[in-house]
Amino acid sequence: MALLCIRGDWYLYFWLIYCKVYSAIIWFVGNHCRGSDKARSVISGSVGNQSPSGLPRVRTRRRKPQQHKVKHIVALVRRPSLRRIVMAPGAAAHAMMEDKAKTLNGALANVSMRTRRISQFAPLLIALVGLPARGKSQLAHRLSRHLNWNGESTKVFDCSEYRRKHMALYGTHDIFRADNQQGSAIRRQSAREAVQDAVLWLKDGNSVAIFDGTNITREQRRELNEYCLSDMGFRILFIECVCEDQELLERNIIEILHYSADYKAMSEEQAVDDLRKKLEHYMRQYEPIDGNLEGVSFVRVENMGETVTAHKVAGQKESGILGYLSGMRAFPQTIYFTRHGESEYNVLGRIGGDANLSPRGQRYAIALAEHINSKASCEPMAVWTSEMRRTKQTASDIMAPKRALRALNELDAGICEGLTYEEMQERFPQEFAWRDQDKLRYRYPWGESYIDIMTRLRPVLSALEDEHNVVVVGHQAVLRCMLGYFLDAKLDELPYMTVPLHTIVKLTSYGYKYKVEMVKLPVECVDTHRKQPKNCSITRTTADALVTVPSHYDTLPSNLWQSSEAQL
Ligand code: F6P
């Protein structure tokens, strides 16, 4: 020790003292435990016939690391990711059972949650309620169009179409009598089939199904509500259509008489009489929705949107629908659509830009004004243009109030603005091919896609649905989207719809549909419609890429005033 101190290794000195003290403590603890283990060993010895000699010490020595291990395991077990690794098979099995029970409890909790409140993202069944001629079908189809446009895949399931499948020919109003058992059975079966198809549609991953039936009794609605919520786990919203406005009612009745398949084989007199009696049968059975008696979520629409009341309406989709119904009006409509007159860019085959009208385009503007002004002298008209020069110039001679809307501007072609299709192929062959592969969704770099136009057109379309005698002077892509909306075109077909220059497209509403008339004014122009080529691969040849490009001038010809001289 002295030697160590002299050497200056004083820390070794302290180390030795520490070891001595430590072994003294160990010795003391060992003896202490031995005493208590003795008592234990008596019990264990008597039970397990183990020799008491030497055992306590061995145990003491073993117990320490074991205790340490247990602590370690507990610590690790608290970390769920390590749980399976560190636990003994028995313990693991137990924990797994515990886990299962927890999962089961969680699932049960979800189920009970579900019975109380169905997820916002669950599919939605809309069931219409009301007497015939209250505008149910019109509402169903308009709502479906609106929802589809807003990305909710929606389909209408018309109960009367299912009924007609069961009856080769419509007989008389008799099948609607409450005491006609055969008639009631057919109607019940048709409703069941329509709902089944609606359910399949929703199970297929679509988001909204509209069941266009009468659903006039409380019992029918209770059954449907329960089936939807409890059996299917779908959301359900009832929309009741009420119509007290005599003028509107008459108009609806006239439309049914004209367009319903039931009355095709009847004289007008017969049809009027039959429809009147059918209405009487329904009126006898009708139980309007009563929020106090029925626990259903519903919207009541009076006179096609004049008054809208909601009861227990919750959820994202339902709120959007409520908003749409509140803004809905039901007036007969005529809307005129036209592209601007031929522009200088059209003549050159260039896209986008803000070019002036060509001389032929100016002639079209005059012809269009003559055409519209003759109508405007009888009825008030309004003109909506884009903010582009070519649409404003086209509308300039029309004698009606004008509005320039940015939302009506042509598709923004981004880096391709001002190019011809040939130049696009030359500079951006890949982009050109990608666009051909999926024209609806393709977005020009720094520009827009058709889907983008659809989005920005939403407010304009909602506004236009309630307008009459509006002339929309727009552009090729924008008008494709607008016409596609009113004509309920398939989305993938929109970018290829034909909307030629110098042509007025007149839409007239009838029921929930629109009649289309194309009025071509006699002023020559280029064709700007490029069909989808067969070969859309990025490795295609230039010839394959350009095969459908419409012909155009390379420079502006000087003789465009004389249409007959302008040969392409
Ligand atoms: O060519 C005229 C035009 O209005 C362009 O401005 C626009 O980019 C184009 O039509 C849209 O048509 P498409 O989508 O068929 O290229």
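For the record, in the sequence shown the residue sitting at position 179 is 179 according to full-length UniProt numbering, with numbers rising by one throughout.
Even for Gly, the Cβ is constructed at its ideal location relative to N, Cα and C.
Do you know how far the Cα of residue j is from the Cα of residue i?
i, j, result
"ARG443", "LYS203", "31 Å"
"HIS371", "GLU422", "36 Å"
"HIS311", "SER297", "6 Å"
"ASN180", "LEU224", "22 Å"
"ALA400", "LEU368", "13 Å"
"HIS146", "GLY352", "28 Å"
"ALA376", "TYR336", "12 Å"
"ASN373", "ILE398", "6 Å"
"ILE451", "GLU465", "20 Å"
"GLU219", "SER190", "17 Å"
"ARG427", "ARG389", "28 Å"
"VAL516", "THR503", "12 Å"
"PRO550", "THR528", "6 Å"
"MET518", "ARG360", "19 Å"
"ARG134", "GLN246", "11 Å"
"GLU431", "VAL242", "52 Å"
"ALA404", "VAL299", "36 Å"
"PHE184", "VAL129", "One point to set straight first is that residue 184 is Ser, not Phe, in the sequence displayed. About 17 Å."
"ASN292", "ILE321", "23 Å"
"TYR496", "GLU410", "15 Å"
"ALA413", "GLU493", "19 Å"
"PRO445", "TYR553", "27 Å"
"SER449", "GLU344", "24 Å"
"LEU249", "LEU131", "11 Å"
Would the beta-carbon of residue i be found less than 7 Å away from any heavy atom of the ligand F6P?
i, result
"GLY352", "yes"
"ALA475", "One detail in the question is off: residue 475 reads as His in this sequence, not Ala. Yes; taking the cut-off as 7 Å, the Cβ of HIS475 has a heavy atom of the ligand F6P nearer than that."
"ARG530", "yes"
"ALA400", "no"
"ASN409", "no"
"ASN413", "Position check: residue 413 holds Ala in this sequence, whereas Asn was assumed. Yes, the Cβ of ALA413 comes within 7 Å of a heavy atom of the ligand F6P."
"ASN346", "yes"
"PRO495", "yes"
Does the distance from the CB of residue i to the CB of residue j come in under 8 Å?
i, j, result
"THR154", "SER119", "no"
"TYR282", "PHE157", "no"
"THR338", "THR508", "no"
"ARG350", "THR420", "yes"
"LYS136", "ASP212", "yes"
"CYS525", "LEU501", "yes"
"PRO533", "THR548", "yes"
"VAL347", "LEU325", "no"
"ALA355", "THR394", "no"
"SER358", "GLU379", "no"
"GLY295", "SER462", "no"
"ALA122", "ARG235", "yes"
"ASN150", "GLU244", "no"
"ALA382", "PRO459", "no"
"HIS340", "VAL470", "no"
"LEU275", "ILE254", "no"
Any idea if residue i is buried or exposed, counting beta-carbon neighbours within 10 angstroms, 16 or more meaning buried?
i, result
"PHE238", "buried"
"HIS258", "exposed"
"THR541", "exposed"
"GLU318", "buried"
"CYS416", "buried"
"ALA433", "buried"
"TYR510", "exposed"
"ARG284", "exposed"
"ASP436", "buried"
"GLN316", "exposed"
"GLY484", "buried"
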